[in-house]
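Written out below as structure tokens is the structure these notes cover.
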Amino acid sequence: MTATAAPNMTDKMRAWLYTSAPNGLEKALFLSDNAKAPRMTAQGLGKSDIVVRVEAASINPADYKLPEMTAAVTPRFLASSSSASLPKPDEPAPSGAKSPGFDFAGTVAATGAAVDTFRVGERVFGRCKVPPAFGTLGEYVVASYDGLCRLPDNVSFEQGAAVGTAALTAYQCIAPYVTPNSNGAGKVFINGGSGGTGTWGIQIAKALGCHVTTTCSARNVDFVRSLGADEVIDYTSQDVVKELTAKGKVFKLVVDNVGTPANLYKAADDFLVPQESHFVQVGAASSAAGLTNLLSRSLVPSFLGGGKSKFIFFLTKNIHADLEQLAAWMKEEKVEPVIDEVFEWTDAPAAYAKLKTSRARGNIVVKGAPAIKN
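This is how it looks when you write it as structure tokens:
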């Protein structure tokens, strides 16, 4: 086979870039018309590469946590100056500039010589490799088979973009630890049900036949119930640990998307079933206290005051079969991407500012870049 590409390809593209983010990613982003684009030729493409023209991208906390944490530990004399003015769109892109983002939906623009599963022009959705060579806030991304799937006809690009990291995380945190569609599926507690991963988690757990208890603020109680939650704990007015403990040792699985309350893992011995149960940690505060709590949960043994339940710190993986399952459920309308807001391409920094408020219901999506006219 030979590499294939859509016509009128260019070596430049529009992209939101950053060089360093000491004061926050949303303040470091700048728009460039001269960002490096993937090389869509037989010589430039890897044999298994699949280049996608991005029509919509979903943003996640990892997008800003990684560059901001990197900036925090980089010596000042090595970091880019935070006081320097940001480049203008028509200026050359600075060396080393990167585009953020992992999740996308769009159309296949080019394929490597060994690719026979996707064709140019097909509608797809997926998740980039970590870290991505080209982030999803650019015109094009480079994907691989493991992180790519055909987009069902009844799912829009904006909805498809909202799958990626959040849905894969939710699926991989739940599916391996429950028995699908049987009385043995058991009870699942999802800590944090109204965000991107939480909204997917509720729907996926229900699709697998689980009874779901979740947490949220008072304003989101009806919202998470509409997604399928059987029981809801309002963390603003109720003590989460006390409410869970009062139910007894009934939960087969805990998925913690939040990282608080700090004593949740230690207390889990009082509400997880004694055998074959798991505590899966997804989210954690990026503060010093949050990191200390995470280390305590994962490293302190039970005889020194740590929890006794099996603790799993979760890292999302690109698995094609998992994306296929999510696509099948979306086609059957068993699950549906939940989108809080869709931002225009030019408003990407504002999208990250909203994401940081932690008040979004579901995912935040940014529309794709207008193509450069040659």
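Under the UniProt record's numbering, the sequence shown has 338 at position 338, and the numbering climbs by one with no breaks. Yeah, the Cβ is synthetic: ideal placement off N, Cα and C, and Gly gets one too. Please read all numbers here as calculations on a predicted model, not as lab measurements.
Buried or exposed: which applies to residue i, given that a residue is buried once 16 or more other Cβ atoms fall within 10 Å of its Cβ?
i: A72; result: exposed
i: S309; result: buried
i: G164; result: buried
i: N363; result: buried
i: E332; result: exposed
i: Q203; result: buried
i: K206; result: buried
i: P370; result: exposed
i: E158; result: buried
i: R219; result: exposed
i: L60; result: For clarity, residue 60 is Asn in the given sequence; the question names Leu instead. That one is buried.
i: G121; result: exposed
i: F311; result: buried
i: Q275; result: exposed
i: S95; result: exposed
i: N293; result: In this predicted model, N293 has a pLDDT of only 47, less than 50, meaning its place in the structure is not dependable enough to derive any value.
i: S358; result: exposed
i: S32; result: buried
i: A328; result: exposed
i: D11; result: exposed
i: F77; result: Unreliable placement is indicated for F77, whose pLDDT of 44 sits below 50; no coordinate value is reported for it.
i: A351; result: buried
i: A28; result: buried
Determine, using beta carbons only, whether residue i and residue j come nearer to each other than 8 Å.
i: R127; j: L66; result: no
i: G135; j: P100; result: yes
i: K249; j: F271; result: yes
i: I50; j: A175; result: no
i: A42; j: A3; result: yes
i: A57; j: L151; result: no
i: Y18; j: A97; result: yes
i: F118; j: L148; result: yes
i: A62; j: G195; result: no
i: G193; j: A229; result: yes
i: G106; j: S48; result: no
i: T214; j: V224; result: yes
i: F125; j: A93; result: no
i: V52; j: F104; result: yes
i: V282; j: C173; result: yes
i: E139; j: P349; result: no
Taking residue i as the reference, which of the options has the closest Cα?
i: Q325; options: Y171, A143, T245 and L272; result: Y171
i: L264; options: V250, K242 and G248; result: K242
i: residue 376; options: R123, V130 and E68; result: This structure gives no information on residue 376, because the portion of the chain shown stretches from 1 to 374.
i: S20; options: V178, F30, M330 and D322; result: F30
i: T197; options: E55, V52, D340 and G368; result: D340
i: D347; options: D11, M40 and W16; result: W16
i: L208; options: V221, G186 and D222; result: G186
i: G24; options: L355, Y64 and G46; result: Y64
i: V115; options: S85, T179, E91 and D146; result: D146
i: F313; options: T357, A267, Q238 and V258; result: V258
i: R39; options: V273, S85, V141 and P89; result: V141
i: D322; options: E344, W345, P261 and A166; result: A166
i: residue 407; options: W345, P89 and S85; result: Past the boundaries of the shown model lies residue 407; the chain is included only from 1 to 374, so the question cannot be answered.
Using a Cβ-Cβ distance under 8 Å, would residue i count as near chain D?
i: S48; result: Reference to chain D is not applicable here, since this structure consists of a single protein chain.
Which whole-angstrom value is the C-beta distance of residue i and residue j, which I expect to be below 8 Å?
i: residue 376; j: N318; result: In the structure as shown, the chain starts at 1 and stops at 374, and residue 376 therefore has no counterpart that could be examined.
i: K252; j: S217; result: Contact flag wrong, Cβ pair sits at about 26 Å.
i: V155; j: M330; result: 5 Å
i: A35; j: M69; result: In fact, because the Cβ distance is near 23 Å, the residues do not count as touching under 8 Å.
i: T199; j: L227; result: 6 Å
i: V342; j: V365; result: 5 Å
i: V221; j: D234; result: 6 Å
i: A109; j: L45; result: Their Cβ separation, rounded to whole angstroms, is 11 Å, which puts A109 and L45 out of contact at 8 Å.
i: V232; j: C210; result: About 15 Å; that fails the 8 Å criterion.
Return the first residue and the last residue of the beta strand (DSSP E) that residue i is part of.
i: D340; result: I339 to F343
i: G106; result: D103 to T111
i: C149; result: L148 to R150
i: A56; result: I50 to I59
i: E231; result: E231 to D234
i: K249; result: First-last for K249: undefined, no H or E at that position.
i: F189; result: K187 to N191
i: Y140; result: Y140 to A143
i: K334; result: Run containing K334: none; DSSP gives neither H nor E here.
Could you check where the alpha helix (DSSP H) with residue i kicks off and where it finishes?
i: T199; result: G196 to A207
i: M330; result: H320 to K331
i: Q159; result: F157 to A161
i: residue 390; result: With the chain represented from 1 up to 374, any question about residue 390 goes unanswered, as that position is not in the structure.
i: V258; result: Premise fails: V258 is in no alpha helix (DSSP H) and is neither H nor E.
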